[in-house]
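In my numbering, the protein residues as written are 5 to 96. Just so you know, even glycine gets a beta-carbon here, dropped at the ideal spot from N, CA and C. Data block below; observations after.
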Amino acid sequence: MFPDNAADEGAEPASAKMKSYPLLIHMPAQLMQDVDELCEQNNMNRSEFIKIALNLYLEKFEGQYLANLSASAASDDEEPGLLAAAEDEWIL
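Shown next, in the form of structure tokens:
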């Protein structure tokens with residue numbers, strides 16, 4: 005999907021490091037201030053914070069999502085997906 009960076013040629017083998025891609029997101033100013041404050045308190049940058057947050061989110065809802073898929077397949081109902089599951093737990 006994204007072209008390999010020519011500057012990476014001759015660097016570590018691809019298996020030694022994970023490829024990363026830029027991500028542009030928009031969020032309310034207050035949320036950004038909260039993120040920045042947490043980043044500063046934990047000595048991390050926004051990128052690290054967002055990676056951790058997304059991993060935690062996926063870990064939390066992966067089991068519920070898979071259970072919903074199984075239930076959906078068994079009942080032929082439409083599965084609610086991750087967003088519906090998240091709305092039950094968190095304010096999005």
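In the structure shown, Leu58 adopts helical secondary structure according to DSSP, grouped into three states.
Here the alpha carbon of Phe53 sits roughly 23 Å from the alpha carbon of Gly67. Secondary structure at Tyr69: helix, using DSSP grouped into helix, strand and coil. In this structure, the alpha-carbon of Met22 lies about 25 Å from that of Tyr69. Around the CB of Asn72, 16 or more other CB atoms lie within 10 Å, so the residue is classed as buried. Closest in alpha carbon position to Ser24, among Ser51, Ser74, Leu60, is Ser51. Linking Cys43 to Ala57 through their CA atoms gives a straight-line distance of about 12 Å. Sequence-distant partners of Asn46 (beyond 5 residues in either direction) whose C-beta falls short of 8 Å from its own C-beta, in its chain, are Phe53.
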